[in-house]
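S.K.:
Residue numbers (our numbering): 25 to 396.
Next up, the structure:
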């Protein structure tokens with residue numbers, strides 16, 4: 025937008041004569057004009073922000089339970105435009121009060137993507153995000169393929185094959201999925217890994233997980249499937265479940281979507297039914313009911329926070345965007361509820377959280393500091 029057109033829109037805004045279309049155009053211009061001066065006073069910006077704030081349900085929150093963004097489909101189109109304008113006005117104020125918080129500082133912090141390294145039994149490592157589609161290797165009679173949609177699969181001639189141990193490692197800012205030789209499908213989240221055999225010999229199918237993985241286990245009544253994660257073991261015959269076993273989380277959380285699983289530690293065991301989650305702390309197992317869609321939203325590329333504390337949220341953001349986060353203990357206990365696509369850049373995700381006015385974020389390269 026040319027400066028003269030922008031000035032005309034700003035003049036109409038100050039006079040209260042902007043249409044919804046013009047407000048949207050003003051928002052679009054603002055987001056692409058970081059180096060231009062916006063001709064509104066601090067008082068006018070605050071007044072506009074307050075006007076938007078009072079008509080939106082987004083601001084309603086309890087003292088320690090902050091509600092984030094609402095379902096936009098339930099808000100009139102004019103309110104949607106005003107939300108966008110409120111975002112811009114709020115960040116204009118904070119941008120000029122805090123020079124370190126700039127568009128340039130976060131421009132290169134992008135969402136995660138399909139990234140993984142496959143380590144073969146002989147120690148050879150293959151970068152899957154760089155590998156060509158098609159056959160990428162052979163070992164012990166098994167052929168390894170990267171499919172067109174970026175999955176890892178195995179084609180094994182069992183008569184001639186010998187089982188080999190492979191390791192699939194996902195870095196921060198990555199995710200990947202694979203199909204094991206028995207047909208079991210596995211999704212791996214950022215900062216995760218799975219150790220597994222190319223062929224499941226014997227009477228059990230055993231894999232080892234670090235981080236987070238979602239499993240759709242192929243049914244085989246004669247050969248139980250086991251996932252070892254830290255000090256717990258999950259045993260199934262064929263079912264769908266999610267395991268969150270990051271070392272920096274307070275517990276290992278196993279969420280059952282379909283079927284039945286048995287979660288066990290050295291001194292305890294529990295059988296889950298769909299909709300239940302087992303949380304393992306040490307050797308203790310606590311079972312509770314959860315919303316499985318919330319717990320598995322990450323495989324659909326969504327962040328879903330349901331009364332989730334800031335510390336947990338920022339750990340997820342740290343893994344997905346591959347950034348360092350510093351969050352004071354008093355702020356880490358604050359809880360939020362809301363959802364947002366993981367395909368958004370980090371600036372968009374944190375912008376929505378800042379709108380609650382309960383927390384703010386300072387960027388220094390790839391380091392983010394949470395502030396009151």
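The beta-carbon is built from N, C-alpha and C at its ideal position, and this holds for glycine as well.
1. Could you give the C-beta distance for residue 325 and residue 365, rounded to a whole number, given that I count them as a contact under 8 Å?
2. Would you say the segment 182-197 touches the segment 142-158, given that touching needs at least three Cβ pairs under 8 Å?
3. Give me the Cβ distance between residue 358 and residue 338, rounded to the nearest whole Å; I'm assuming they're in contact under 8 Å.
4. Going straight from the alpha carbon of residue 323 to that of residue 201, what length do you get?
5. Taking just the CA atoms, how far does residue 165 sit from residue 176?
6. Taking only the alpha-carbon atoms, compute the straight-line gap between residue 317 and residue 302 and give it to the nearest angstrom.
7. Just how far apart, CA to CA, sit residue 150 and residue 132?
8. By how many angstroms is the C-alpha of residue 204 removed from the C-alpha of residue 218?
9. Taking its Cβ as the centre, do 16 or more other Cβ atoms sit within 10 Å of residue 306, making it buried, or is it exposed?
10. CB-CB under 7 Å to residue 356, same chain, minus the five flanking residues each way: which ones, in chain order?
11. Residue 197 and residue 138 look like a contact to me (Cβ under 8 Å); what is the Cβ gap, rounded to whole Å?
12. Beta carbon of residue 242, beta carbon of residue 206: below 8 Å?
13. For a test of the three-state rule: what should DSSP assign to residue 137, helix, strand or coil?
14. Looking only at its chain, what residues have a beta carbon closer than 6 Å to the beta carbon of residue 211, apart from the 5 residues adjacent to it on each side?
15. Three-state secondary structure (DSSP) at residue 321?
16. Could you check if residue 388 is buried or exposed, using at least 16 other CB atoms within 10 Å of its CB as the buried criterion?
17. Excluding the 5 residues preceding and the 5 following residue 280 in the sequence, name in chain order all residues of the same chain whose CB lies nearer than 6 Å to its CB.
18. Just reading off the alpha helix (DSSP H) that residue 371 is part of, what are its end residues?
19. Please work out which residues of its chain come closer than 8 Å, Cβ to Cβ, to residue 368, disregarding the five sequence neighbours upstream and downstream, and give them in chain order.
20. Alpha carbon to alpha carbon, how far is residue 354 from residue 380?
21. Counting C-beta neighbours from all protein chains within 10 Å, is the total for residue 221 16 or more, i.e. buried, or is it exposed?
M.R.: According to the data block:
1. Numbered from its first residue, the chain shown carries residue 325 at position 301. Numbered from its first residue, the chain shown carries residue 365 at position 341. At roughly 6 Å, the Cβ-Cβ gap stays under 8 Å, so residue 325 and residue 365 are in contact.
2. yes
3. For the purposes of this step, residue 358 is identified with residue 334 of the chain shown, where counting begins at 1. For the purposes of this step, residue 338 is identified with residue 314 of the chain shown, where counting begins at 1. The Cβ separation is near 11 Å, so there is no contact.
4. The sequence position of residue 323 within the chain shown is 299, counting from 1. The sequence position of residue 201 within the chain shown is 177, counting from 1. So the alpha carbons of these two residues sit roughly 10 Å apart.
5. Residue numbering aside, residue 176 sits at position 152 when the chain shown is read from its first letter. Residue numbering aside, residue 165 sits at position 141 when the chain shown is read from its first letter. Answer to the nearest angstrom: the Cα atoms are 16 Å apart.
6. Against the chain shown, residue 317 aligns to sequence position 293. Against the chain shown, residue 302 aligns to sequence position 278. One C-alpha to the other measures close to 16 Å.
7. Within the chain shown, residue 150 is the residue found at index 126, counting from 1. Within the chain shown, residue 132 is the residue found at index 108, counting from 1. For residue 150 and residue 132, the distance between alpha carbons rounds to 26 Å.
8. As a working mapping, residue 218 is identified with position 194 in the chain shown. As a working mapping, residue 204 is identified with position 180 in the chain shown. Their Cα atoms are separated by approximately 11 Å.
9. As a position in the chain shown, residue 306 is number 282, starting the count at 1. So residue 306 counts as exposed.
10. The count along the chain shown starts at 1 and reaches residue 356 at position 332. Cβ within range, chain order: 333, 334, 335.
11. If you number the chain shown from 1, residue 197 lands on position 173. If you number the chain shown from 1, residue 138 lands on position 114. Not a contact, Cβ separation roughly 11 Å.
12. Numbered from its first residue, the chain shown carries residue 242 at position 218. Numbered from its first residue, the chain shown carries residue 206 at position 182. Yes, the Cβ-Cβ distance between residue 242 and residue 206 is below 8 Å.
13. By 1-based counting over the chain shown, the position of residue 137 is 113. In this structure, residue 137 counts as strand in the three-state DSSP scheme.
14. To locate residue 211, count along the chain shown from 1; it is residue 187. Closer than 6 Å at the Cβ level, and outside the excluded window around residue 211, lie 201, 238, 323.
15. Here residue 321 corresponds to residue number 297 of the chain shown, with the count starting at 1. Residue 321: helix per DSSP, three-state reduction.
16. Taking the first residue of the chain shown as 1, we reach residue 388 at position 364. By the 10 Å Cβ count, residue 388 comes out exposed.
17. Numbered from its first residue, the chain shown carries residue 280 at position 256. Hits under 6 Å: 265, 296, 298, 300.
18. Stepping through the chain shown from its first residue, residue 371 is reached at position 347. Unbroken alpha helix (DSSP H) run through residue 371: 370-378.
19. Here the question's residue 368 lines up with position 344 in the chain shown. Excluding sequence neighbours, residue 368 sits near 135.
20. Start at 1 with the first residue of the chain shown, and residue 354 comes out as number 330. Start at 1 with the first residue of the chain shown, and residue 380 comes out as number 356. Taking the straight line from one Cα to the other gives about 17 Å.
21. Counted from its first residue, the chain shown places residue 221 at position 197. Buried.
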